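Q:
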């Protein structure tokens, strides 16, 4: 008798490889399962979960989201990358669960990419702000669930950390110059005392999206904030150059960069610092509990790094110019920060 690969609650019995099929990974049982058999079990699991969530009150919907997140992340961890990718594209994307979940504006926005790329500033605003009151029942409750998840709390914590570091920079140097790379809507500046009191000489908001920069200009007219339109490619090519910085940071960009590009960019930004200046880059760790949901139903794929991967970002930076390096995680254990101070 065929045994289920996963229960509704996401438990994952180990599976064994079988010749000439896409393989599932991890410890084998005597009975082998192909990707097709795993997909059949997963379809049944999604069918049952979808039916329950469609009919249920708020508590059932929230429990359903918990079961969905648990089952997805378990599949992602136990399956090969090829099988997981197929599941996302061939099963999850075509299942009735997807339009049901897309009643949530946050989930739908990521999938539709109205600005043409993943993780845009408007998407992150859904985590900074609470728009639940604007939505109907299912969309409202799914959004509330996502807004309260550990990764969402990490994003809000990241914003407050950046605001504090701006303020610390102003305390060290009243003429301090700050650069934010891939700044989005620069929401951290709205929480910064140094920005409000003009305690910095300049805050350069660098981003490739003119819509994001227009929002920054609207919020910070005639102040110390200077929006600059440009891409990572322009930075790497030397077409966008900044110097004598006291604090340079990138909050979400590195989640989308390859190792080689990330290391080159880190070295470039570090060289833009003056002595005593600090560079801070953030990256989501391997793997937040929302990863499976993000990839399967939001089509939102990040590059995750551990501590070793973050240390490798300094591989092209001359260590004799580095006074101090600090690695730390946020309170949710989701985001890893690399801080390097120039000698």
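Residue numbers (UniProt numbering): 1 to 343. C-beta atoms are modelled at their ideal positions from N, C-alpha and C, and glycine is treated no differently. This structure is a prediction, so every number in the text was calculated from the model and none was measured.
Quick check: the Cα distance between residue 342 and residue 212, rounded to an integer number of angstroms?
A: Roughly 30 Å separates the two Cα atoms.
Q: Are residue 286 and residue 254 touching if we call contact CB-CB under 8 Å?
A: Not closer than 8 Å, so no.
Q: Name, in chain order, the residues that DSSP records as bridge partners for residue 248.
A: DSSP, once it has assigned bridges, lists 179 and 279 as partnering residue 248.
Q: Determine the DSSP secondary structure at residue 30, reduced to helix, strand or coil.
A: At residue 30, the pLDDT of 33 sits below 50, so the modelled position is not reliable and the matter cannot be decided from this model.
Q: Distance check for residue 252 and residue 313, CA to CA, integer angstroms please.
A: Each residue's Cα considered, the two are about 15 Å apart.
Q: Can we say the stretch 127-138 touches the stretch 147-161, given the rule of at least three CB pairs closer than 8 Å?
A: Short answer: they touch.
Q: How about residue 164 and residue 202: do their beta carbons lie closer than 8 Å?
A: In this structure, residue 202 does not lie closer than 8 Å to residue 164 by Cβ.
Q: Just to check my reading of the structure: residue 52 and residue 64 have Cβ atoms closer than 8 Å, yes? What is that Cβ distance to the nearest angstrom?
A: So it is a contact: roughly 6 Å between Cβ atoms.
Q: Return the bridge partner residues of residue 336 from the DSSP annotation.
A: Per DSSP, 283 and 329.
Q: Should the stretch 237-253 be regarded as contacting the stretch 267-282, the criterion being three or more beta carbon pairs within less than 8 Å?
A: Yes, they touch.
Q: Whole-angstrom Cβ separation of residue 367 and residue 219, contact assumed at under 8 Å?
A: The structure shown does not extend to residue 367, since the chain is modelled only from 1 through 343, so no value can be given for it.
Q: Using the Cα positions of residue 160 and residue 232, report the straight-line distance between them to the nearest angstrom.
A: Rounded to whole angstroms, residue 160 to residue 232 spans 24 Å at the Cα level.
Q: Taking just the CA atoms, how far does residue 330 sit from residue 154?
A: Answer to the nearest angstrom: the Cα atoms are 7 Å apart.
Q: Quick one: complete alpha helix (DSSP H) runs, 4+ long, within the stretch 85-168?
A: Listed in chain order, they are 97-101, 105-112, 121-128 and 137-147.
Q: Could you check the C-alpha separation between residue 46 and residue 62 for me, to the nearest Å?
A: For residue 46 and residue 62, the distance between alpha carbons rounds to 15 Å.
Q: Would you be able to state if there are at least three C-beta pairs under 8 Å between the stretch 297-307 and the stretch 112-129?
A: At 8 Å Cβ cutoff, the stretches touch.
Q: Drop a sphere of 10 angstroms on the beta-carbon of residue 333, count the other beta-carbons inside from all chains shown, and report buried for 16 or more, exposed for fewer.
A: Exposed, because fewer than 16 other Cβ atoms sit within 10 Å of the Cβ of residue 333.
Q: What does residue 228 pair with, by DSSP beta-bridge criteria?
A: Answer is 206.
Q: Closest to residue 222 by C-alpha separation, out of 206, 208, 195 and 72, would be which residue?
A: Residue 222 has its Cα closest to that of 195, out of 206, 208, 195 and 72.
Q: Compare the C-alpha of residue 266 against each of 295, 239 and 317 and name the closest.
A: Among 295, 239 and 317, the Cα nearest to that of residue 266 belongs to 317.
Q: With a threshold of 7 Å on Cβ separation, who are the neighbours of residue 288 within its own chain once the five nearest residues in sequence on each side are excluded?
A: So the qualifying residues of the chain are 150, 151 and 334.
Q: For the alpha helix (DSSP H) holding residue 53, just list the boundary residues, first then last.
A: Here the alpha helix (DSSP H) through residue 53 covers 35-55.
Q: Any idea what DSSP makes of residue 170, helix, strand or coil?
A: Of the three classes helix, strand and coil, the one that applies to residue 170 here is helix, per DSSP.
Q: In terms of alpha-carbon separation, which member of 274, 126, 38 and 139 lies closest to residue 102?
A: Among 274, 126, 38 and 139, the Cα nearest to that of residue 102 belongs to 139.
Q: Any heavy atom of the ligand NAD inside 7 Å of the beta-carbon of residue 304?
A: What this structure holds is no ligand at all, so the ligand NAD is not there to describe.
Q: Excluding sequence positions up to five away, which residues of its chain have a Cβ less than 6 Å from the Cβ of residue 295?
A: The answer, listed in chain order, is 88 and 301.
Q: DSSP beta-bridge partners for residue 300?
A: Paired residue(s): none; residue 300 is not in a bridge.
Q: On the premise that residue 273 lies in contact with residue 235, defined as a C-beta separation below 8 Å, what is that separation, rounded to the nearest angstrom?
A: Going by Cβ atoms, the distance from residue 235 to residue 273 rounds to 14 Å, so no, they are not a contact pair.
Q: Are residue 181 and residue 250 closer than 8 Å when you measure CB to CB?
A: The answer is yes: Cβ separation under 8 Å.
Q: In this structure, how does DSSP classify residue 322 when only helix, strand and coil are distinguished?
A: DSSP places residue 322 in strand when its eight states are reduced to three.
Q: If I measure Cβ to Cβ from residue 187 and keep anything under 6 Å in the same chain, skipping five residues before and after, which residues do I get?
A: Counting only Cβ-Cβ distances below 6 Å, and skipping sequence neighbours, we find 128 and 159.
Q: Would a C-beta distance cut-off of 8 Å place residue 106 and residue 123 closer than the cut-off?
A: Yes, the Cβ-Cβ distance between residue 106 and residue 123 is below 8 Å.
Q: Give me, in chain order, the residues of the same chain whose beta-carbon lies closer than 6 Å to that of residue 224; leave out the 5 immediate sequence neighbours on both sides.
A: Counting only Cβ-Cβ distances below 6 Å, and skipping sequence neighbours, we find 198, 200, 202 and 203.
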